[in-house]
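*Asks:* Please see the structure below; I have some questions.
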């Protein structure tokens, strides 16, 4: 797992005025395939902009980036030119530019960050970097090209904050550049013979194969003002550095692992949602205030989570007067309030050392990224996982599994108990819920390798849907037994149709999701369905079933209330207690506790996540208590079984005694 950590000091960003490119176009449709069409529009200062519309049978139809024919900025023209060129690794290819030439020209074109004047520049730079790294996916990477790439990013970080922020809002450039850096590191890890360390002014990089143990990653400012990252440096170096991280030994699975680390001198490269929105509204943001440094670390092909010992990060205090500080980590795949912009800084799972005094030179942060049961129905898709919730969820799931196992064992032992429809439905619900809990406990955090994570996410998806389908069948059977006057269908037909629906329809949904959206099955942090497939194939059916089950529950309670009023057998306080008991028993099978997961949004997420985690993880235990332990028929069968067992023991002892006498 890739981790980006930071400390913030409560500083304020102010906004810089910028001229935004605006174009007014008339509608134009594609007349024929394999043709190009051109649009013209006027922008501020009466500059003409040309945009080409490309369409073919093999490629997607799309408007290309605007041709800035009369742009006053030659840098933008140059960057746009390189962004459209084909890049190749050697001279064996034709009609392309060598990757070394592209990387060198790019770093020289923006040798000074001041030449970057608009968000188009940042986007074009990002496109070129993506082309460079894509070439190396099938070729041997050279260290010199990577140095040019880091030099380009280093120069980019000297540009205006508004350009970087606007490009992130409109093109997700910062997020894409982080992916480029990660891909480069993974490429070098496959061909690594010696450690690689690259030092620039605003960014540093280091990759090395290390032995299993506690690893210290440190960053230091060198005399030439560049940044150096080192692993397991001596104490003198640690004292001079202003940020370092300690990875515990349980991060490693093997004796030798490859670790890579990036360091950013400024945190404005990854602005949070609030600052991006302020910039988009052209708020007062006219100069840059250093908030924090950013240190990232990753173990190649390893998911760093569920650690027994926390990751420790120490940030040197450089601006003590800026206010309170907090520890944060970056999550890449979280949706923000801005369309098509993903990633945000989160504090959950990271905390400061409260015993530190203001006199000390460092802020100490402890980070642990763990999983709780609530992420199965995490509407915010934040994947925040407090340790306390994880512990509660795991204990509850363990107790539920025990209850479900005992329920299935009891029903399997006695044929008389499993002959009728309600018990058959209960068996299917127990099997489905058991499958859900087992897959969650065993595999939800097994994010590596990627294919295994996708299979686990699909399995969780399937068992969530089957569990709710069987809860819906329970609701139908409750209504049929307690409310409906005429029951025309036989129990056999109902159970047969219920099996087809409850096991079959979820399978179709899961298979379709896996074919159409395989990239939305799990991520680097947890193996669950996410993105739009979560909302349409998990949340939507869950909410619909919960609404139906709630309506059925209300109808049942009203029906029971009417019958009690007519017969007058139960009145007053006993009536209230009886209704509450029946309501709770029905709610257990109808999944009412899952409503808390749906309500866990925005400011109420913490409270409802706790309620959801506690109540839902114990659902199997409640099923065992109310439908097995308190079931009179079960008690009778158990007594008969115990009586037969005692008689068998007595007869066995008698036979054995006779044999001994002979």
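Residue numbers (the numbering used here): 1496 to 2157.
In this text, a Cβ means the ideal position worked out from N, Cα and C, and glycines have one as well.
Every value quoted in this text rests on a predicted model; they were computed, and no experiment measured them.
For residue 1758 versus residue 1809, is the C-beta distance shorter than 8 Å?
*Replies:* Here residue 1758 is not near residue 1809, since their CB atoms are 8 Å or more apart.
*Asks:* Mind the definition here: the segment 1604-1613 touches the segment 1646-1657 only if three or more C-beta pairs lie below 8 Å; say whether that holds.
*Replies:* yes
*Asks:* Is there contact between the segment 1566-1583 and the segment 1616-1628, where contact requires at least three CB pairs shorter than 8 Å?
*Replies:* yes
*Asks:* Tell me the rounded alpha-carbon separation between residue 1551 and residue 1796.
*Replies:* In this prediction, residue 1551 scores a pLDDT of 35, lower than 50, which makes its location untrustworthy; the coordinate-derived value is nonetheless stated afterwards. Approximately 39 Å, taken between the alpha carbons.
*Asks:* If you check the beta carbons only, do residue 1898 and residue 2118 fall under 8 Å apart?
*Replies:* yes
*Asks:* Quick one: using the 10 Å Cβ neighbour count with 16 as the cut-off for buried, is residue 1629 buried or exposed?
*Replies:* exposed
*Asks:* Take the Cβ of residue 1626 as the centre, count every other Cβ of all protein chains shown within 10 Å, and call the residue buried at 16 or more, exposed below.
*Replies:* buried
*Asks:* Pop quiz: residue 2022 and residue 1948 are said to be a contact at Cβ under 8 Å. What is the actual Cβ separation, rounded to whole angstroms?
*Replies:* 4 Å
*Asks:* Report all residues from its chain with a CB closer than 6 Å to the CB of residue 1573; omit the five preceding and five following residues, and keep chain order.
*Replies:* For residue 1573, where only same-chain residues beyond five positions count, the Cβ hits under 6 Å are 1604.
*Asks:* Going along the chain, which residues of its own chain have a beta-carbon closer than 8 Å to the beta-carbon of residue 2002, five neighbours each way excluded?
*Replies:* The residues are 1957.
*Asks:* Restricting to Cα atoms, I'd like to know which of 1992, 1925, 1999, 2007 is closest to residue 2085.
*Replies:* Measuring from the Cα of residue 2085, the nearest candidate turns out to be 1925.
*Asks:* What separation, rounded to the nearest whole angstrom, lies between the Cα atoms of residue 1963 and residue 1840?
*Replies:* 34 Å
*Asks:* Given residue 1591, which residues of its chain have a CB within under 8 Å of its CB, disregarding the five upstream and five downstream residues?
*Replies:* Once the five neighbours on either side are set aside, the close Cβ partners of residue 1591 are 1580, 1581, 1582, 1583.
*Asks:* Using only the alpha-carbon positions, how far apart do residue 1807 and residue 1842 sit?
*Replies:* 14 Å
*Asks:* To the nearest angstrom, how far is it from the Cα of residue 1565 to the Cα of residue 1662?
*Replies:* Residue confidence for residue 1565 is low, a pLDDT of 48 falling below 50, so the modelled location carries little weight and cannot support an answer.
*Asks:* For the segment 1708-1724 and the segment 1662-1673, state whether three or more C-beta atom pairs, one from each stretch, are separated by less than 8 Å.
*Replies:* no
*Asks:* Go to residue 1859, then tell me how far its beta strand (DSSP E) extends in each direction, as first and last residue.
*Replies:* 1857-1862
*Asks:* Classify residue 1727 as helix, strand or coil using the three-state DSSP reduction.
*Replies:* Reduced to three states, the DSSP call for residue 1727 is coil.
*Asks:* Under 8 Å, with one C-beta from each stretch per pair, do the segment 2004-2015 and the segment 1929-1938 reach the 3-pair mark?
*Replies:* no
*Asks:* Could you give the residue range of the beta strand (DSSP E) that holds residue 1699?
*Replies:* 1698-1706
*Asks:* Which class does residue 1887 belong to by DSSP, given the choice of helix, strand or coil?
*Replies:* When DSSP states are grouped into helix, strand and coil, residue 1887 belongs to the helix group.
*Asks:* Check for me: the beta strand (DSSP E) holding residue 1806 runs from which residue to which?
*Replies:* 1806-1811
*Asks:* Report yes if the C-beta distance between residue 2055 and residue 2040 is below 8 Å; otherwise report no.
*Replies:* Between residue 2055 and residue 2040, the CB-CB gap reaches or exceeds 8 Å.
*Asks:* Could you name the residues that DSSP lists as bridge partners for residue 2012?
*Replies:* Residue pairing for residue 2012: DSSP places it in no beta bridge.
*Asks:* Count the other CB atoms, across all protein chains shown, that sit within 10 Å of the CB of residue 1445; report buried if there are 16 or more and exposed otherwise.
*Replies:* Because residue 1445 is not part of the residues shown, which for the chain are 1496 to 2157, the question remains open.
*Asks:* Rounded to whole angstroms, what's the CA-CA distance from residue 1696 to residue 1750? Just pull it up for me.
*Replies:* 34 Å
*Asks:* Need the endpoints of the alpha helix (DSSP H) that residue 1935 sits in, please.
*Replies:* 1916-1938
*Asks:* Terminal residues of the continuous alpha helix (DSSP H) containing residue 1973?
*Replies:* 1945-1977
*Asks:* DSSP beta-bridge partners for residue 1840?
*Replies:* 1825
*Asks:* Taking a contact to mean a Cβ-Cβ separation below 8 Å, would you say residue 1895 touches residue 2114 in this structure?
*Replies:* yes
*Asks:* Can you give the beta carbon distance from residue 2082 to residue 2048, rounded, assuming they're within the 8 Å contact cut?
*Replies:* 7 Å
*Asks:* Look at the alpha carbon of residue 2135 and the alpha carbon of residue 1919, and state the distance between them as a whole number of angstroms.
*Replies:* 22 Å
*Asks:* On the DSSP bridge assignment, give the partners of residue 1845 in chain order.
*Replies:* 1862
*Asks:* Grouping DSSP H, G and I as helix and E and B as strand, with all else coil, what is residue 2021?
*Replies:* coil
*Asks:* Compute the Euclidean distance between the alpha carbons of residue 1682 and residue 1676, then round it to the nearest angstrom.
*Replies:* 10 Å
*Asks:* Where DSSP assigns a beta bridge to residue 1482, which residues make up the other side?
*Replies:* Because residue 1482 is not part of the residues shown, which for the chain are 1496 to 2157, the question remains open.
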